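> Here's a structure for you.
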Amino acid sequence: MMRLLILILAILVLFLTACARPDLSVESVNSELDAGRMGSMVLSIRNAQTNATEEGLYTFNSSDALCLVLRAVSHDDRLRILSEPLHLGSLRSGSVVRVEIDALAGEDIGIYPVDIILSYMWLSSIETSGGASPEVYFLYENSTDVFPVEVKVVTGPVLSLFPSKSSIEIKNLGDRTAKSVSVQITSPVVLRRSGIELGDIPPGKSKSIEIPKLEGEEYPVVCMVNYTSGFTEVSTELASVVRTRQLPGGAILLLVPVIAVALYVVFSRNELRRIIGR
86 MMRLLILILA ILVLFLTACA RPDLSVESVN SELDAGRMGS MVLSIRNAQT NATEEGLYTF
146 NSSDALCLVL RAVSHDDRLR ILSEPLHLGS LRSGSVVRVE IDALAGEDIG IYPVDIILSY
206 MWLSSIETSG GASPEVYFLY ENSTDVFPVE VKVVTGPVLS LFPSKSSIEI KNLGDRTAKS
266 VSVQITSPVV LRRSGIELGD IPPGKSKSIE IPKLEGEEYP VVCMVNYTSG FTEVSTELAS
326 VVRTRQLPGG AILLLVPVIA VALYVVFSRN ELRRIIGR
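The numbering of the sequence shown is my numbering, which starts it at 86 and goes up by one.
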């Protein structure tokens, strides 16, 4: 009786879900990488098929992608895929999964082709055999879908340090926004601070950090800067020099008579030459 019930359910489900194989698609959430750095491509994998059927305790759904494996292949040596094949399990109809693929971009800016290869199994048919006590067989088929995506390699955020007597300016000289920028001043001791939150710094823009008045001629300034580029966290150390030395007022006063004497000597020599010439 139980086998007969299974057979009836299998035939019913197969009829309802005939030819409803998985309908997979790949959407790029973030496909920009910074030149010369390791970063992550973020992709969204969707099973757009919606012909799911469940009957009581039994589920027979030919639209589920089973044992799903994702593999990324770069067609340019300047873009190296670091991630191993990703085993994503089963992707049911109507479901979406987000994945990250690590890659190392070269120094050349441009657009690079990458293939996203999805391999999976799906329930292709249900067969029966036998007479009074039939056997039910679930037949699975292996499939592979290939989706081309474009990866854009950009300069990325390039943060530089421009200190002055009253502030430290962090400027983005790159072509991508540096997000959630935080700064820790590690040197000199007199300026040491941590937890300085500057927010986002778009390309060509800057944020300033006010510093106290310094006594002395010059100070080497070292900052540890953390920020996010795309979905990748970056930490870098920036260094520069704060120059506080100015020409003293007394030195300027001493230069005045020296310049006057020099002008007098030049004028006297020219006047003497004019008299001799006569």
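Yeah, the Cβ is synthetic: ideal placement off N, Cα and C, and Gly gets one too.
Quick caveat: nothing in here was measured; it's all calculated off a predicted structure.
Using only alpha-carbon positions, find the residue among F247, E112, V221 that is nearest to E185.
Stepping through the sequence shown from its first residue, residue 185 is reached at position 100. Ranking F247, E112, V221 by Cα distance to E185 puts E112 first.
> Could you check which residue in G315, S325, A324 has the C-alpha nearest to that of A120?
On the sequence shown, residue 120 is found 35 positions in, with the first residue counted as 1. Out of G315, S325, A324, G315 has the C-alpha closest to the C-alpha of A120.
> Are the beta-carbon atoms of E117 and K237 separated by less than 7 angstroms?
If you number the sequence shown from 1, residue 117 lands on position 32. If you number the sequence shown from 1, residue 237 lands on position 152. Cβ distance < 7 angstroms, so E117 and K237 count as in contact.
> In chain order, what residues of the same chain lie with their CB nearer than 7 angstroms to the CB of A105, ignoring the 5 residues before and after it?
The residue given as residue 105 occupies position 20 in the sequence shown. Contacts found: Q134, N136, S147, S148.
> Relative to the ligand FMN, is the shortest distance from any of its heavy atoms to the C-beta of P297 smaller than 6 angstroms?
Although the ligand FMN was asked about, the structure shown includes no ligands whatsoever.
> Rounded to the nearest angstrom, how far is the Cβ of G284 from that of V310, given a contact under 8 angstroms?
Along the sequence shown, one-based indexing puts residue 284 at 199. Along the sequence shown, one-based indexing puts residue 310 at 225. With 8 angstroms as the limit, G284 and V310 do not qualify as a contact, their Cβ atoms being about 13 angstroms apart.
> For a quick check, are the C-beta atoms of L176 and A150 less than 7 angstroms apart?
Within the sequence shown, residue 176 is the residue found at index 91, counting from 1. Within the sequence shown, residue 150 is the residue found at index 65, counting from 1. It is a contact, given that the beta carbons lie within the stated cut-off.
> Taking N257 as part of the beta strand (DSSP E), name the residues at either end of that continuous run.
In the sequence shown, the residue the question calls residue 257 occupies position 172. Per DSSP, the unbroken beta strand (DSSP E) holding N257 starts and ends at 252 to 257.
> Output yes or no for whether 7 angstroms exceeds the beta carbon distance between I255 and K292.
As a first step, residue 255 is located in the sequence shown; it is residue number 170 there, counting from the start. As a first step, residue 292 is located in the sequence shown; it is residue number 207 there, counting from the start. Cβ distance < 7 angstroms, so I255 and K292 count as in contact.
> Return helix, strand or coil for A105, following the three-state DSSP convention.
As a first step, residue 105 is located in the sequence shown; it is residue number 20 there, counting from the start. The answer is coil: DSSP assigns A105 none of H, G, I, E or B.
> On the DSSP bridge assignment, give the partners of H172 in chain order.
Taking the first residue of the sequence shown as position 1, residue 172 is located at position 87. Per DSSP, V154.
> What distance in whole Å lies between the Cβ atoms of L189 and M123, which are believed to be in contact at a cut-off of 8 angstroms?
For the purposes of this step, residue 123 is taken as residue 38 along the sequence shown, with counting starting at 1. For the purposes of this step, residue 189 is taken as residue 104 along the sequence shown, with counting starting at 1. Rounded, the Cβ-Cβ distance is 5 angstroms, consistent with contact.
> Where do the N-terminal and C-terminal ends of the beta strand (DSSP E) with D149 fall, by residue?
Residue 149 sits at position 64 when you count from the first residue of the sequence shown. Element bounds for D149: n/a, residue is neither H nor E.
> Quick check on the DSSP output: the beta strand (DSSP E) that includes I281 runs from which residue to which?
In the sequence shown, residue 281 corresponds to position 196, counting from 1. For I281, the enclosing beta strand (DSSP E) begins and ends at 278 to 286.
> Would you say P248 and V307 are within 7 angstroms of each other, going by their C-beta atoms?
Within the sequence shown, residue 248 is the residue found at index 163, counting from 1. Within the sequence shown, residue 307 is the residue found at index 222, counting from 1. Cβ atoms of P248 and V307: not closer than 7 angstroms.
> Exposed or buried, what is T227 when buried is set at 16 or more other beta-carbons lying within 10 Å of its beta-carbon?
Position 142 of the sequence shown, counted from the start, is the residue given in the question as residue 227. At residue 227 the sequence reads Asn, which differs from the Thr that was named. N227 is exposed by the Cβ-count criterion.
> Taking a contact to mean a Cβ-Cβ separation below 7 angstroms, would you say G191 touches R156 in this structure?
Residue mapping note: residue 191 aligns to position 106 of the sequence shown, counting from 1. Residue mapping note: residue 156 aligns to position 71 of the sequence shown, counting from 1. Result no, Cβ atoms of G191 and R156 do not sit closer than 7 angstroms.
> Can you pull the DSSP bridge partners for V221?
Counting from 1 along the sequence shown, the entry for residue 221 is found at position 136. Answer by DSSP bridge pairing, in chain order: T213.
> Name the DSSP bridge partner or partners of K49?
Outside the shown range of the chain, which is 86 to 363, sits residue 49, and nothing can be said about it.
> Would you mind stating whether D230 and Y197 have Cβ atoms separated by less than 7 angstroms?
Start at 1 with the first residue of the sequence shown, and residue 230 comes out as number 145. Start at 1 with the first residue of the sequence shown, and residue 197 comes out as number 112. For D230 and Y197, no; Cβs fall outside 7 angstroms.
> Using only the alpha-carbon positions, how far apart do P219 and T213 sit?
Numbered from 1 along the sequence shown, position 134 holds the residue referred to as residue 219. Numbered from 1 along the sequence shown, position 128 holds the residue referred to as residue 213. Their backbone Cα atoms lie some 6 angstroms apart in a straight line.
> Spatial neighbours of L338 within its chain, please: C-beta separation below 8 angstroms, excluding the five flanking residues on both sides.
By 1-based counting over the sequence shown, the position of residue 338 is 253. Confidence at L338 is low in this model, with a pLDDT of 44, below 50, so the placement of that residue is unreliable and no value is reported for it.
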